[in-house]
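Undergrad: I am attaching a structure below and will ask some questions about it afterwards.
Next comes the structure, spelled out in structure tokens:
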């Protein structure tokens, strides 16, 4: 079912409780203030573009300034604020989401480039009240301190485990001709190097990923 | 970000014709272009999105090589079983670059066309002959730790940041292009990237409206393939020095060698004189030193990057020792 941007921007009481005061604050700001990304140019805005995104199994039709990154579309237009803006330059990984199952930096791609594509964000990993195994493992192993990088870490780990299962190699894979690489600590660290944790919770992040992958921790 | 109009290309010919217009820019993976657009280093008035074009295949060539479509993602190219079996140096180089998220997006053609990571090129408040021709080069007397020691000029001392292109240089890859009139051209990778000279703003031999359709890899040459990358941290960092080496040797005798270097110049740096010193040579320190001398002939540091000269020598020694240890 396609729904309009207006409908998806309606903030329910439950959403406010779940996402905290940030979402509430956003509803009180003028529209221009929300569009922090595209609005740093004094020239006239370009003609808007319409895009349909399949996000976490639901269709959303958005009319956007074409400069809107996928991250800004998620956060500012759909109130999906789980994906975080850390550096906004593809260096930190906090904005990691899955497009057609593959992890990417949502800050370095435009929403209009993904018309019709399927996007999974941190909000789409759990099934109802049942946490995704990676979410549960991050909780159990204290895979975070401040938590700002966590949604990116978890989405990235989900993509990483899929890549590993598909036999994709990494820089530290000793034998490239071997179709599958064992997921050692060194492999996990290399494959997760696009996600920076300023609190340096790395040992616990590795442990959480190993648990979610069904490996001894 | 400056305002632009967005257009999705429905054919390669359409993309090439649209790209010939002033202010138009092709977007593929976008991981470098959008970054630069946010900083207003790049300010296209029109973006032509080629992501839906059917340029994402890796095919065998009749000669026994591979033809890699322009839109093959860096992660897919690195993971392709044929690349892993026959072009290990390319797979390794790709995996040494960026992060998994970026490699999932970045394309073969975009990787070749990525811009330098020189701090002053990125900082629009600073002079940069590449970004703003004639404004000067702030790196010459500035922080130049990551800058070029080979092939630079008084106008620009930036380096090319790609790992992939260094491996392709060692493999003698060819870049296939097409223009808006449908004319195809093949550019040897040796002639694709340009040294700065007096026109550092001209980075490749691509003409206006000419777009990359594929990169062809000739059949793999004999020998052990290695990509060694030296950087400030173990992962997710650009090369200070990198070496793509293909060394054919047996029992301490080198038959042939190919060497390409990253992090040293504004293009992937092939060292034919060093390769000649190694060919038919004994695998020992004297030979390795002669090869390093040949690579570093004319090398020039600018203060912050002086360390790259001995680092290149040591890295080459290590790679040659590793690849001839049989």
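Residue numbers (the numbering used here), protein chains in the order written: chain A, 1068 to 1284; chain B, 72 to 397.
Heads up, the beta-carbon is just placed ideally off N, CA and C, and yes, glycines get one too.
Can you name the start and end residues of the alpha helix (DSSP H) that residue 145 of chain B belongs to?
TA: Element bounds for residue 145 of chain B: 145-150.
Undergrad: Output needed for residue 373 of chain B: all residues of its chain with C-beta closer than 7 Å, excluding positions within five of it in sequence on either side, in chain order.
TA: These residues qualify, in order along the chain: 211, 215, 218, 228.
Undergrad: Per DSSP, residue 1136 of chain A is paired with what?
TA: Note: residue 1136 of chain A sits in a beta bridge opposite A:1177.
Undergrad: Taking C-alpha atoms, which residue in B:357, B:267, B:362 lies nearest to residue 336 of chain B?
TA: Considering only alpha carbons, the answer is B:267.
Undergrad: Can you grab the Cα-Cα spacing for the pair residue 1268 of chain A / residue 324 of chain B, in whole Å?
TA: Going by the C-alpha atoms only, they are around 49 Å apart.
Undergrad: According to DSSP, is residue 1270 of chain A part of a helix, a strand, or is it coil?
TA: Helix, per DSSP.
Undergrad: Leaving out the 5 sequence neighbours to the left and right, which residues in its chain are closer than 6 Å to residue 114 of chain B when beta-carbon positions are compared?
TA: These residues qualify, in order along the chain: 73.
Undergrad: Should residue 183 of chain B and residue 116 of chain B be called a contact, given that it needs their Cβ atoms to be closer than 8 Å?
TA: Not closer than 8 Å, so no.
Undergrad: Please report the residue range of the beta strand (DSSP E) in which residue 245 of chain B lies.
TA: 245-249 is the extent of the beta strand (DSSP E) around residue 245 of chain B.
Undergrad: From the DSSP output, in three-state form, read off residue 1208 of chain A for me.
TA: Correct three-state label for residue 1208 of chain A: coil.
Undergrad: Do residue 248 of chain B and residue 126 of chain B have their beta-carbon atoms positioned less than 8 Å apart in this structure?
TA: Cβ atoms of residue 126 of chain B and residue 248 of chain B: not closer than 8 Å.
Undergrad: Tell me, which residues are paired with residue 83 of chain B by DSSP?
TA: Partner(s): none; residue 83 of chain B has no beta bridge.
Undergrad: Pick from A:1277, A:1258, A:1276: whose alpha carbon is nearest that of residue 171 of chain B?
TA: When only C-alpha atoms are compared, the closest one is A:1258.
Undergrad: Do you know offhand how far residue 128 of chain B's Cα is from residue 207 of chain B's?
TA: Straight-line Cα distance between these residues: approximately 42 Å.
Undergrad: Please state whether DSSP places residue 1155 of chain A in a helix, a strand or coil.
TA: Residue state, collapsed to three classes: coil.
Undergrad: Check whether the Cβ atoms of residue 95 of chain B and residue 282 of chain B lie closer than 8 Å to each other.
TA: Their beta carbons are not under 8 Å apart, which means residue 95 of chain B does not touch residue 282 of chain B by this criterion.
Undergrad: Buried or exposed: residue 1161 of chain A, going by 16 or more other Cβ atoms within 10 Å of its Cβ?
TA: Per the 10 Å Cβ criterion, buried.
Undergrad: Taking residue 120 of chain B as part of the beta strand (DSSP E), name the residues at either end of that continuous run.
TA: Note, residue 120 of chain B: beta strand (DSSP E), 117-120.
Undergrad: Below 9 Å between beta carbons is the criterion; list the residues of the stretch 1260-1276 of chain A that meet it against any residue of chain B, in chain order.
TA: Those would be 1260, 1261, 1262, 1263, in chain order.
Undergrad: Quick one, which residues of the stretch 1147-1162 of chain A are near chain B if we go by CB-CB under 8 Å, in chain order?
TA: Residues passing the 8 Å Cβ filter: 1155, 1156, 1157, 1160.
Undergrad: Starting from residue 1238 of chain A, find everything on chain B with Cβ-Cβ shorter than 8 Å and list it in chain order.
TA: Near residue 1238 of chain A (Cβ distances below 8 Å), the residues of chain B are 163, 166, 167, 306.
Undergrad: Where does residue 113 of chain B sit, in a helix, a strand or coil, going by DSSP?
TA: Coil.
Undergrad: Using only the heavy atoms of the ligand ADP, determine whether one of them is closer than 7 Å to the beta carbon of residue 358 of chain B.
TA: Within the structure as shown, the ligand ADP is missing, as the structure has no ligands at all.
Undergrad: So, helix, strand or coil for residue 1275 of chain A, using DSSP?
TA: It is helical.
Undergrad: Please specify which runs of the beta strand (DSSP E), each continuous and at least 3 residues long, are wholly inside the stretch 188-265 of chain B, giving them in chain order.
TA: Listed in chain order, the complete beta strand (DSSP E) runs (minimum 3 residues) inside the stretch 188-265 of chain B are 245-249, 255-259.
Undergrad: Taking Cβ positions only, does residue 1191 of chain A come closer than 8 Å to chain B?
TA: Output row for residue 1191 of chain A: interface = no.
Undergrad: Starting from the C-beta of residue 352 of chain B, find all residues in its chain whose C-beta is less than 7 Å away, skip the five residues before and the five after it, and write them out in chain order.
TA: Here the set comprises 325, 358.
Undergrad: According to DSSP, is residue 55 of chain B part of a helix, a strand, or is it coil?
TA: Chain B is shown from 72 up to 397; residue 55 of chain B falls before or after that span and cannot be answered.
Undergrad: For a test of the three-state rule: what should DSSP assign to residue 1248 of chain A, helix, strand or coil?
TA: Reduced to three states, the DSSP call for residue 1248 of chain A is coil.
Undergrad: So, helix, strand or coil for residue 1237 of chain A, using DSSP?
TA: Three-state result, residue 1237 of chain A: coil.
Undergrad: What are the boundary residues of the beta strand (DSSP E) that residue 313 of chain B is part of?
TA: 312-321 is the extent of the beta strand (DSSP E) around residue 313 of chain B.
Undergrad: Does the CB of residue 1230 of chain A have a neighbour CB from chain B at under 8 Å?
TA: Yes - at least one Cβ of chain B is within 8 Å of the one on residue 1230 of chain A.
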